[in-house]
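Novice: Just so you know, we're using the numbering used here here: the sequence shown kicks off at 96 and counts up by one. Ideal Cβ positions, reconstructed from N, Cα and C, are used throughout, including at glycine. What you are looking at is a predicted structure, and each value in this text was computed from that prediction instead of being measured.
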Amino acid sequence: MYSEKVMDHFTNPRNVGEIADASGVGTVGNAKCGDIMRIYLKIENGIIEDVKFKTFGCGAAIATSSMATEMVKGKSIEEAMKLTNKAVAEALDGLPPVKMHCSLLAEQALKEALEDYFKKNNLPLPEGFEKPDAEHEEIPEEA
Ligand code: FES
Numbered sequence: 096m097y098s099e100k101v102m103d104h105f106t107n108p109r110n111v112g113e114i115a116d117a118s119g120v121g122t123v124g125n126a127k128c129g130d131i132m133r134i135y136l137k138i139e140n141g142i143i144e145d146v147k148f149k150t151f152g153c154g155a156a157i158a159t160s161s162m163a164t165e166m167v168k169g170k171s172i173e174e175a176m177k178l179t180n181k182a183v184a185e186a187l188d189g190l191p192p193v194k195m196h197c198s199l200l201a202e203q204a205l206k207e208a209l210e211d212y213f214k215k216n217n218l219p220l221p222e223g224f225e226k227p228d229a230e231h232e233e234i235p236e237e238a
């Protein structure tokens, strides 16, 4: 059912943890399955210097958050903004159709974290910045 890459990122997830002085934090949850994901970004000079995540969720959610963090680490904000859940799923050699929605959690948490960074720095949302429509809702940081 799952590709080797999914199994690898599920059993050995990269970038798990927190960043104490994060530049931006994004937390999203899926009301249906109850899964929650939080992504922390450390941004310096427009580059994502570090990224960490915590996911309380299914294997596909853990694998996609692990892969998503790998894909944006060291990249510019502009590049990270363009990351889609489809690209993450492709990098994992695919997800079963019923698990595609789990990958949206990773894309949305990343975009919430970027938005948090823009807001904290009083920066306007860049042109082309879009958050996916999803069943996932933003969860306030204090939650
Ligand atoms: Fe909830 Fe996968 S089943 S994110």
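Taking three-plus beta-carbon pairs below 8 Å as touching, is the stretch 140 to 157 in contact with the stretch 186 to 200?
Specialist: yes
Novice: Thinking C-alpha only, which one of E210, E207 and L200 is nearest A126?
Specialist: L200
Novice: Name the DSSP bridge partner or partners of D145?
Specialist: K137
Novice: Going by beta-carbon coordinates alone, are K147 and N107 separated by less than 8 Å?
Specialist: no
Novice: Quick check on H106: does DSSP put it in helix, strand or coil?
Specialist: Reading the sequence as shown, one finds Thr at residue 106 and not His. Of the three classes helix, strand and coil, the one that applies to T106 here is helix, per DSSP.
Novice: Return helix, strand or coil for S160, following the three-state DSSP convention.
Specialist: helix
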